[in-house]
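When you read off a place in the sequence shown, starting at 1, and then add 71, the result is the number in my numbering. Even glycine gets a Cβ: it sits at the ideal position worked out from N, Cα and C. All of these numbers come straight from a predicted model, not from anything done at the bench. For reference, the structure discussed in these notes is given below.
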Amino acid sequence: MTQHQRGRFLSSRLVLGVALLLMSSGVVWGQAHTSLSGVVTDPTGGVVVGATVVLTNVRTGATRTATTNQDGAFEFPQLQPGTYRVRVEMQGFKSIVQDNLQLLVNTPTKLDLQFEEVGEIVETVEVTGEVIVNTSDASVGNSFSEVQVRELPLLTRNVVQLLSLQPGVNQSGQVLGAREDQNNVTLDGVDVNDQQNPEAFESVLPIPLDSVQEFRVTTVGVNADQGRSSGGQVALVTKSGTNEFHGAVYWFHRNTVTAANRWFNNANGIEREALIRNQFGVAVGGPIVKDRAFFFVNFEGRRDASGAAQTRAVPTEAMKRGVLTFRTNDGAIRTLTPEELAMVDPLGIGASPAMLQLFQRYPVGNDPDLGLDRGLNFTGFRFNAPFSIDRKAYVARFDFNLTRDGRHSVYWRGTLADNNDDNKLAPFPGQPAESNVLNNSRGFSTTYTAAFRPTLVNTFTWGFTRQGIESTGRGGNVLFVRSLDQPDYSGVSPARPFGRKVPVHNIIDNLTYIRGNHTIQTGINFRFIRNDRFSFQDSFARFIINNGALFGLGSEIVDRINAFIQEKEGNPDLAIEGTSNQTPVIRASMALLGTISDVDFTVQFDKNGNPLPLGASQDREFAANEYEFYVQDSWRVRPNLTINWGIRYGYFEPPYETTGFQVSPTRDLDDFFFERYSNGLQGIPSNRSTMLTYDLNGKVNGKDSWYRPDWNDLAPRFSFAWSPNFKNGVLARLLGSEGKSVFRGGFAVVYDRLAGQLIVQFDRIGSIGVATDVGFPDTFDFETAPRFNGSFPALPEAPPGGFPNTPPVNFAVINSTLGINQNLVSPYSYTVNFSYAREVARDITVEIGYAGRFGRKLPAQLDISSPLIHLVDPASGQTWVDAAGIIRDLWNSGVRQPDIEANPGIVPTIPYAENMFPDLKDFFIPGSASANLAWVMQFIPESEGDILHFLDRTLCIAKFGCHTFFALQNSSMPTWFNAGFSTYHSMLLTVRKRFSQGLQFDFNYTWAHSTDNESTAVTNVAQFGGVILDAFNTKASRAPSDFDIRQQFNANFLWELPIGHNRSLLSGIPSWANYVLGGWQLSGIVRYQTGLPSDVGTGFNFATNYFLTGNGVPLGPVKTKVGINNDGNPGIFPDKDAARRNFRTQRAGETGPRNILRLDDFFNVDLGILKNIPMPWEGHRLQFRFEMFNAFNNVNFDGDSVSLQPFDVPARFGEFSDTFDPRVIQFALRYEF
């Protein structure tokens, strides 16, 4: 047995042993429960031993009883959230009674009670005070009651979006520096996350607002009972029935008449988007058998017949006629007629009739600012596309008290979705939506709670959630033209059908044992996940017109156009203006000529290596099993000091394909990459590295899966809560009496979960021999590339299948795949928080604190096939970066190709060129290798990677032969590593007023700074997402995170106006007047945040990474100010031309700084006006609601729409093209009983 096998054997025995131990004893807590604890004292402050504490759920009659211990303490663990009544009895004292005690989900409550009078037990003293600061642990996060959930104005009516109304939470879903796919959503304690593509504010099951009893998020300071992922822990609880019938019928409506138009629609004379939304439902709950059995059901439907603003890139009217338009260096705009274009065409053909026929299917553009060249050849088209939604949600819950006192209880909850939504909208007016999303997800859970005795409580939950989702689409091969949307689809490819069924069995057991001052909690959480999916996303070919795949990026056509206009006008200096205008001209020329540069085609195979026919579906079933265990001790050291410590352990089995149809390289990819890198530092070329071979792997094949098991996910947790109890003096005045203030602190290790999207992407793109990406084997230019004439060229031959499979040496310009490092481990973070909270007035608390996160081994991609730009010349010690830098300096000094041709000696001797490219001497021009290298690099002077590819894989002219710099089998291979790191610091301030006297409010302020070297969540990436630009220097990308918001606040409030009967104002008015003046209520949500960061692009220049451009490098200070720029358009630079000149492209070896700009601040107010009208029957009321989202119609420009390409699209530099939603008004009627 090897050491590795022995470790796995011992670890598996350990996990099994712990599981059996915990299963035999049960477990505790649970994210759908809460707890109550406290201390009982006599009138002198001494603890009372042996007092009886009776806790009753006022809605269901369920009762628990506890006896105070030697410290006068009592505790009720594993309680259903709700409203309770507490009664404390002790011989010789009048009983204490506290009514309407709200116990919120996942929020430990401490309630200390004091006997104030001597008397008989039958006599009672009513208590109204209640501790509202958390004195139990260090968890941070606000709870939301049923009233808040129901009556706050929520734009989406998605309860999970209340997550964003917490301190330290961004609207895009990042929680205190954690990535947005790391939030964990549970419904009644059961996992309801999307296992493949987890999103920040989403549950796979529908959760209507009227089905939610309570909601809480823990953002930091988690105890050992919470885990699975490192972000916000979101706990939702479904309503249950009570001993009284209750319910509601409701209808919410939005329409076009009361909605505002978008800023850019107004600016371009486009009517507002259609808006018709009707959301309606009914909810009913009540008793089946009083005190023993209860039911709750909720149906909700939604129907939308609306519109959504869309932007498309279309050809100009001149381009439709075959005319090419461009700007020249004398400031004029010139054109080439179709006849002149044929003269420029190396084949003499000119514009393709098939392409011109295709162009006629486009509408007339209406917004030139959206075009790549601002209306010369490419223009923009804005319109409102129809958008329909049809959703139905069904929720039911049944609760049973198995014993009369409710110590043994069970409940069952079921949820069902039936949705049909437009997904990818119409490409152009008059066309149907490209795809619809069908969703029939469903789930249920059952929970059994057993209070064996007051000090021993167990809860067992079994949940089953099955996500069912399918997206419709189209088949067939398609043509993609860069910088144009296609007449039949938008984006880079049409919507293709795909779908998945993801059943998840979730087994949870929680046990609480109280002994003395210790509350011991232990638990398990097991998940068994299957992802049965089909996809046609890679089943057809995509023929591509894109200069990125042409030799020299297509620059030859620029030379031909320049020569033509110089000869035509007799001006040898006339040329297309600047390098920034060349890319639009190249792309327009390719589009007119129909120059097909590449094909994107994936050959699907069966397990025996036989290629499947074109159009075959890719069918897979992935499996993943997750096992989590925890143990925790909450030690009440003193009545005012609690210490919590525990440990959580998780084993997340690497996913596998259930039929064994999965592959990976037989060699560890980190070894492959580090060998290339270390060889390069020693002057050993890339072609000496071992080629990669792929073979079947995974559990079914008796091998490790895509990555190896990680047995080391131990997560210790520690926290304390100290409530000062100074009796008098300055400290007593500052800190308040006992229980009025608290110091809390915590430390935790938390692990990220790796989303299933990582495996799905690798299966689609990186599984050589299973799904092999194929392109044209040759690099084309304008003369050799096939032309589109109404039909497509023949597809390349399918590569051989079968295993083992070694891809051949490849020379194509574009040939990429995907990888997963076999030694990938679970990412983790250290979280730290410390805070002070104080009750400053009745029902009002203020809390201020620090929260930090230090992310380690975060997932990020490294391109392990990056060219060896640091390949050392042993003789001189120089690298390609050094040589390219010298030549870039020559270019910057004004030296051009004619200068070098006339005087090769103008180029200094570059040892790297002479030693590594000796055959370049006299190759292009008479002169040294250094002169020839400088001369050829000026074809694309700021894209050194393309010249290196030409020298290394086309000419094979390096000293060591072909692939001296590039990998042998592909030109790019982004691979998932634990290469990311992050740091987050924040100050959090919360002011909270619990609902009383008709008013509730929360105010949350965050001052924070987040840095990392890559911010992208795994769930949101495609092949080239989340890539650290310089694989050889991961620290070079360290910068403010993409989601770094320095300051933000949010607030929410509910205010019942104090007018009318039983109110402080006009309480004596007649009943008819009360119907008019009474029952009014205001609600609102306010948000503000400073601008997100962004970086500047470098157009089509590839200096460091061959597949990804870098970031623009500033030449001086960079300042942004949102407003109308010098062209009269909204942007972040008052003078966009001056701002553009302040940047240069990055040099070889540089990445350019990330996130040096700041975008627009965001401010929004949502308001609700509610009128409650009492009905003649007790407990019945009619409610009318008038809600305004973005009530003041603030124009918030969308940072994702800003153009930051000073070299590729200079005319639009810093300009916005879209905004967030304008004002929407909603009306609602609701009948409650």
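In the structure shown, A464 falls within a strand segment according to DSSP collapsed to helix, strand and coil. Rounded to whole angstroms, the Cβ separation of P1164 and D1115 is 5 Å, and the two are in contact under 8 Å. Taking C-alpha positions only, F365 is separated from T313 by approximately 6 Å. Secondary structure of K928 (DSSP, three-state): strand. Under the three-pair Cβ rule at 8 Å, the segment 340-358 counts as touching the segment 310-325. Inclusion of G239 and S1057 in the CB contact set at 9 Å is warranted, their separation being smaller than that value. Taking all protein chains shown into account, M426 has 16 or more neighbouring C-beta atoms within 10 Å of its C-beta and is therefore buried.
Per DSSP, T406 is not a residue of any alpha helix (DSSP H); the beta strand (DSSP E) it occupies stretches across I404 to L407.
Counting of Cβ neighbours within 10 angstroms places E640 among the exposed residues, the total staying below 16. With a cut-off of 8 Å on Cβ pairs, the segment 781-791 is not in contact with the segment 857-864, counting fewer than three such pairs. In the structure shown, D1113 falls within a coil segment according to DSSP collapsed to helix, strand and coil.
Collapsing the DSSP output to three states places W1006 in a helix. By the criterion of a C-beta distance shorter than 7 Å, R1225 is surrounded in its chain by S1108, A1110, D1166 and N1182, once the five residues flanking it on both sides are discounted.
Judged by pairs of C-beta atoms under 8 Å, the segment 591-611 touches the segment 562-572, as three or more such pairs exist. Annotated three-state conformation of A456 is strand, per DSSP. In its chain, beyond the 5 residues on either side, S735 and I891 have a beta carbon closer than 6 Å to the beta carbon of W777. With a 10 Å radius around the Cβ and a threshold of 16 neighbouring Cβ atoms, F523 comes out exposed. Three or more Cβ pairs closer than 8 Å define a contact, and the segment 1052-1069 meets that threshold against the segment 907-920. Straight-line spacing of the CA atoms in P1245 and H317 works out to 15 Å.
Between the alpha carbons of F1074 and G1162 lies a distance of about 20 Å. Bridge partners of H1080 according to DSSP: H1056. With a threshold of 16 other beta carbon atoms within 10 Å, W1143 falls short and is exposed. Residue pairing from DSSP places Q1119 in a beta bridge opposite T1077 and Q1160. Contact between L150 and T105 holds: CB atoms are separated by about 5 Å, below the 8 Å threshold. The Cβ neighbour count for Q1068, taken over all protein chains shown within 10 Å, is under 16; the residue is labelled exposed.
Put simply, the backbone Cα of S936 is about 8 Å away from that of P1045.
Nearest to V821 by C-alpha distance, out of G923, T730, L806 and I885, is G923. Under the 8 Å Cβ criterion, the segment 915-932 does not count as touching the segment 1149-1161, having fewer than three qualifying pairs. Scanning its chain for C-beta atoms nearer than 7 Å, with the 5 sequence neighbours on each side dropped, one finds around I203 the residues E910, D914, T916 and R1065, in chain order. Secondary-structure assignment with DSSP links P574 through a beta bridge to R537.
For the 9 Å CB-CB criterion, N448 and A403 do not form a contact. Between Q932 and D741, the alpha-carbon positions lie close to 12 Å from each other. Residue K181 holds the alpha-carbon nearest to the alpha-carbon of F145 among P152, A133, K181 and N213. Within the same chain, and ignoring the five residues on either side of V674 in sequence, the residues whose Cβ sits closer than 7 Å to its Cβ are P682, T843, V845, A869 and P870. Per DSSP, H317 is not a residue of any alpha helix (DSSP H); the beta strand (DSSP E) it occupies stretches across H317 to N326. The C-beta distance from F853 to G625 rounds to 7 Å, short enough to fall under 8 Å.
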